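Those sequence lines, one after another, are chains L and P.
Here the first sequence stands for residues 5 to 555, where the numbers follow the working numbering.
Here the second sequence stands for residues 56 to 423, where the numbers follow the working numbering.
In what follows, a structure is listed as structure tokens, so that the remarks can point back to it.
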Amino acid sequence: MLSKPKRRLDAWTVVTAACTLFFLLFLVYPISRIFIQSVHTAETGFTLAYFRKFFSKPYYTNALLNSFKVTLCVTVLAALVGTPMAYILRTVQIKGKAVLEILIIISMLSPPFIGAYSWVLLLGRSGPITWFINNVLHITFDGIYGFGGILLVFTMQLYPLIYMYISGALKNMDDSLNEASESLGCVGLSRIFKVVLPLILPTLLSGCLLVFMRALADFGTPMLIGEGYRVMPVLIFNEFISEMGGNDSFAAALSVIMVIITTVLFLAQRYISGKKSFSMSATHPMSAKKATGVKNVAAHVFVYLVVGISILPQLTVAFTSFKNTSGRLFVDGYSLNSYREAFGKMGTSIVNTFVYSIAAIVLVVILGTLIAYITVRRRSKVTGALDTLTMMPYIIPGSVMGISLLMAFNKQPLMLMGTAAILIVAYVIRRLPYTIRSSSAILAQISPSVEEASISLGASHMKTFVRVTAPMMAPGVVSGAIMSWMTIISELSASVLLYVNTTKTLTIAVYTEIVRGNYGVAAALSVILTLSTVVVLLIFFRVSGNREISM
Amino acid sequence: MSVSISFQNIVKKYGDNTIIPNLSLKIRDGEFFTLLGPSGCGKTTLLRMIIGFNSIEGGQISFDDSVVNDVPPSKRNIGMVFQNYAIFPHMTVGENVAFGLKNRKVPKAEIQQRVDEILKVVRIDNLKDRLPQNMSGGQQQRVALARAIVIHPQVLLMDEPLSNLDAKLRVEMRDAIRDIQHRVGITTVYVTHDQEEALAISDRIGVMNGGVLQHVGTPQNIYQRPANIFVSTFIGHSNILDLHLADRDGKRGVLFDGGHFVPMDNLTDRASGNQQVKVSIRPEEFIVSTDGEGLEGEVVDSIFLGLHTHSYIRLLNGTVVETVSESRINTLLPAGTKVRLQVKAEKINVFTADGNTNLVQGVVNDAV
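This is the structure:
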């Protein structure tokens with residue numbers, strides 16, 4: 005018998021090659037373009053002029069400092085709100101918990117800039133609360149703009165991330181740990197600080213990192229509520245988009261600075277978490293107990309207050325969507341005019357939203373499961389490199405992603421500018437890391453012997469994956485995909501750079517209508533957006549039969 | 056239908072780490088063959104080489120006369136039962152069992168018929184439409200077994216299939232597996248670290264250690280005439296004593312400390328002069344009495360286990376040996392009792408001082 009070559013070229017080799025190619029083309033190539041552009045021009049060759057320009061003018065460096073200031077404060081505040089929320093909802097019986105949890109998810113899922121815009125409606129110069137403060141309380145208050153406004157919007161928008169992370173970690177914490185600590189005389193707050201917090205610290209840190217990244221990269225919020233308060237994403241956007249004096253190379257340099265910062269943070273978080281991580285699994289998870297007296301009242305007040313404030317923007321938007329408008333102004337009376345106008349004007353954007361997001365999510369799920377499979381089951385140098393590569397989008401802010409895609413695909417033969425494809429690519433690249441992580445975790449729980457059993461029964465590798473592995477992974481992957489889908493439809497930072505009129509999505513439509521001052525239509529559109537998410541969420545809860553969504 | 060399996064100078068390496076240096080073995084057609092050894096001895100590695108999940112770094116594996124080294128696992132027509140059963144959780148019992156038949160493009164009607172038939176054989180035909188989620192370990196094990204044999208494989212492989220079951224169910228499933236294997240008559244290779252299971256179930260056993268087959272033989276032979284000291288201590292329990300051979304009254308035998316001589320008439324020619332030896336005596340090969348002839352000793356402790364009583368006895372030179380005898384009514388030998396030990400000379404084993412060779416006649420070792 006002739007001996008065949010040892011490594012046969014099978015279907016998985018092709019999959020590995022295809023996935024690597026995808027990432028090289030749509031991630032590595034655009035990002036390297038941006039790096040090169042930041043230090044190289046056709047006229048002068050290599051140059052550090054753009055970085056020098058940035059660090060020499062307080063106008064620019066202040067934006068960096070501002071970004072840091074606001075992002076750090078947001079992270080701390082979100083942790084301070086989200087952690088007790090999670091702990092209380094896990095350990096104390098709160099009335100209406102199921103509804104509260106859905107409200108928390110809804111407030112997290114709406115695009116941050118809609119929050120910003122509603123807070124402007126409430127607490128802006130002509131907002132009713134501002135009027136109340138000025139005219140009834142006689143305190144001079146100029147409306148919530150700048151630092152304070154950004155802080156408020158981000159905190160209420162991002163604490164749910166911390167909440168979900170911590171809630172998951174607490175679920176995996178065995179109650180016997182609490183009982184052991186109690187039996188050793190450590191109770192109450194001292195137990196929380198000495199036992200609970202150290203155990204959830206790694207989770208808290210990764211939640212904080214995510215909050216930090218989101219706050220640092222978000223573009224819509226500071227644009228709408230920041231007024232004079234300049235932060236990095238706004239600076240990048242303006243440099244890149246402004247028709248006069250816009251400078252691609254300078255925007256590229258700004259992007260590189262952002263990416264360097266996020267990379268350092270990411271590595272730092274990994275280093276700390278790696279040193280302090282525990283693996284926990286609970287056979288007796290903590291159960292919510294009925295609290296009494298002051299404790300019970302305090303817990304309810306805190307939870308209801310936080311959820312109330314975070315859902316307030318949604319209510320405001322819903323309310324204003326029914327108001328009559330005249331041009332840019334709200335007038336007395338209520339009607340469905342805004343909706344009529346919204347559907348009339350924005351029909352295509354609604355269709356676009358669903359078509360693009362579904363296309364993107366299908367790709368995300370397919371690529372995510374395949375990549376998870378090859379990195380977990382077919383370890384090699386190539387798949388290891390691919391694994392690292394797929395983590396990169398974590399640390400690349402949306403606006404940077406948008407710019408890099410535009411720079412890379414603006415001429416033939418890779419002309420994608422202005423197409424739906426470039427939006428879908430941006431969505432896919434940005435969401436893939438999450439799906440890959442969750443799919444890998446799910447796959448790690450599935451014993452390889454199940455696949456071996458299938459092969460021993462005569463199924464090929466591919467058939468085994470399709471018939472056995474993929475169906476076993478499906479429930480977990482789908483719940484992650486729902487989350488991704490909802491994030492995709494509210495994506496703004498990258499798509500605001502990539503869209504053209506024919507590829508406008510709901511989120512972009514809301515944004516552009518707000519910028520144009522058509523608040524009525526904007527409100528109607530964002531209600532449509534929120535309702536779509538809620539409907540999908542409820543369908544998902546019904547179909548999957550559980551109320552857990554994974555990140 | 057079923058085949059014999061030949062291993063010729065098999066080598067297994069992980070990088071520079073050699074797991075199996077050079078192994079040759081022939082498993083007969085229709086035989087129930089067990090690979091037995093401590094964890095890490097290479098038995099599962101060898102099993103997975105048969106099906107092709109592990110690569111072969113040297114040598115050949117053949118089914119009958121055809122070499123299978125380069126045949127992919129899905130084409131080897133082997134049924135395998137895994138330690139964790141590896142039941143597909145998203146398929147019903149019937150679908151699990153039909154899976155291999157569908158891959159073989161068996162006609163639908165025949166699939167139905169064969170699935171029903173095999174489910175009856177393993178006695179879970181009532182579970183056909185159930186999902187495996189809430190089934191007991193024993194039931195899942197039966198599904199796994201049915202799924203593996205319904206495809207009429209040439210060889211059946213079982214990797215510690217009973218280790219996740221509780222003790223009582225283990226015995227029940229052990230007998231069921233043995234019974235089904237007999238009825239189907241398929242060449243079976245079974246891996247376990249449980250020696251009692253191996254003794255009960257196998258036609259022949261291969262005892263492995265450090266990637267080397269130490270002894271291949273029938274359960275009886277392996278227990279009664281182990282090829283070396285490793286086998287004698289790994290299978291069952293053995294007291295190992297460092298003693299000398301001697302000649303008394305024209306008879307060759309073993310000389311114990313204190314001058315007690317046990318004549319033996321079944322020593323091989325290699326047992327000569329007064330060479331140093333290791334003598335392996337199982338607890339049941341001692342006869343304990345409070346009077347009469349024999350080795351002098353003193354009871355250290357006695358443990359009552361129902362059917363048997365184990366006694367630990369300190370010999371004159373300080374060595375403590377374990378003995379076992381049928382329990383007597385209301386009497387346990389208290390610590391400190393002076394006793395005499397007789398040895399059942401025809402049963403004990405005598406090894407060379409290095410422990411590698413048995414000096415007693417009757418060893419049948421198909422390894423080598």
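Beta carbons are placed, not taken as given, at the ideal position from N, Cα and C, and that holds for glycine.
Everything numeric in this text was worked out from a predicted model, so none of it was measured.
Contact with chain L by residue i, beta-carbon distance below 7 Å
{"i": "P:Arg159", "result": "yes"}
{"i": "P:Met190", "result": "no"}
{"i": "P:Ser129", "result": "yes"}
{"i": "P:Asp71", "result": "no"}
{"i": "P:His145", "result": "yes"}
{"i": "P:Phe88", "result": "no"}
{"i": "P:Ile133", "result": "yes"}
{"i": "P:Ala153", "result": "no"}
{"i": "P:Ala201", "result": "no"}
{"i": "P:Asn219", "result": "no"}
{"i": "P:Ile106", "result": "yes"}
{"i": "P:Asn413", "result": "no"}
{"i": "P:Phe62", "result": "no"}
{"i": "P:Asn283", "result": "no"}
{"i": "P:Ala301", "result": "no"}
{"i": "P:Asn139", "result": "yes"}
Chain P within 7 Å of residue i, Cβ atoms only
{"i": "L:Ala346", "result": "no"}
{"i": "L:Met476", "result": "yes"}
{"i": "L:Ile450", "result": "no"}
{"i": "L:Gly462", "result": "yes"}
{"i": "L:Glu231", "result": "no"}
{"i": "L:Val4", "result": "Outside the displayed span of chain L (5 to 555) sits residue 4 of chain L, for which this structure offers no information."}
{"i": "L:Met555", "result": "At L:Met555, the pLDDT of 45 sits below 50, so the modelled position is not reliable and the matter cannot be decided from this model."}
{"i": "L:Val472", "result": "yes"}
{"i": "L:Pro9", "result": "Legend: pLDDT at L:Pro9 = 39, less than 50; position of this residue unreliable, value from coordinates given subsequently. With 7 Å as the cut-off, L:Pro9 does not count as an interface residue toward chain P."}
{"i": "L:Ala457", "result": "yes"}
Which residues DSSP lists as bridging residue i, in chain order
{"i": "P:Ser117", "result": "P:Ser61 and P:Val122"}
{"i": "P:Asn72", "result": "P:Tyr69"}
{"i": "L:Tyr338", "result": "L:Lys327"}
{"i": "L:Gln273", "result": "DSSP output for L:Gln273 lists no bridge partner at all."}
{"i": "L:Lys349", "result": "In the DSSP output, where bridge partners are listed per residue, L:Lys349 has none listed."}
{"i": "P:Glu381", "result": "P:His363"}
{"i": "L:Pro289", "result": "L:Asp178"}
{"i": "L:Lys299", "result": "None, per the DSSP bridge assignment."}
{"i": "P:Val334", "result": "P:Leu296 and P:Val405"}
{"i": "L:His44", "result": "L:Phe50"}
Among the options, the one whose alpha carbon lies nearest that of residue i
{"i": "L:Tyr438", "options": "L:Ile365, L:Ser253, L:Gln449 and L:Ile315", "result": "L:Ile365"}
{"i": "L:Phe347", "options": "L:Val78, L:Thr373 and L:Ala527", "result": "L:Ala527"}
{"i": "P:Arg178", "options": "P:Val161, P:Glu227, P:Asn219 and P:Leu212", "result": "P:Glu227"}
{"i": "L:Leu529", "options": "L:Thr511, L:Val519, L:Val538 and L:Ser458", "result": "L:Thr511"}
{"i": "P:Arg337", "options": "P:Phe311, P:Thr378 and P:Asn329", "result": "P:Thr378"}
{"i": "P:Pro208", "options": "P:Gln250, P:Lys183, P:Ala255 and P:Leu156", "result": "P:Leu156"}
{"i": "L:Leu209", "options": "L:Ile154, L:Gly86 and L:Ile110", "result": "L:Gly86"}
{"i": "P:His237", "options": "P:Val176, P:Ile277 and P:Ser293", "result": "P:Val176"}
{"i": "L:Ile492", "options": "L:Ile532, L:Thr537 and L:Ser171", "result": "L:Thr537"}
{"i": "P:Thr364", "options": "P:Glu339, P:His292 and P:Asn124", "result": "P:Glu339"}
Beta-carbon proximity check, residue i vs residue j, cutoff 7 Å
{"i": "L:Val307", "j": "L:Ile92", "result": "yes"}
{"i": "L:Phe117", "j": "L:Thr266", "result": "no"}
{"i": "P:Asp214", "j": "P:Thr386", "result": "no"}
{"i": "P:Phe285", "j": "P:Lys333", "result": "no"}
{"i": "P:Met135", "j": "L:Ser460", "result": "yes"}
{"i": "L:Ser339", "j": "L:Asn328", "result": "yes"}
{"i": "L:Gln97", "j": "L:Lys299", "result": "no"}
{"i": "P:Ile75", "j": "P:Gly261", "result": "no"}
{"i": "L:Pro317", "j": "L:Ser122", "result": "yes"}
Proximity test, residue i beta-carbon vs the ligand GTP heavy atom, cut-off 6 Å
{"i": "P:Ile358", "result": "The ligand GTP is not part of the structure shown, which contains no ligands of any sort."}
(Q) Does the contact criterion of 3 or more C-beta pairs under 8 Å hold for the region 345-364 of chain P versus the region 391-398 of chain P? (A) yes
Q.
Contact between the region 195-204 of chain P and the region 134-145 of chain P is defined here as three or more beta-carbon pairs at a separation below 8 Å; is this criterion met?
A. yes
Q: Say whether the region 136-146 of chain L touches the region 72-88 of chain P, bearing in mind that this needs 3 or more beta-carbon pairs closer than 8 Å, one atom from each stretch.
A: no
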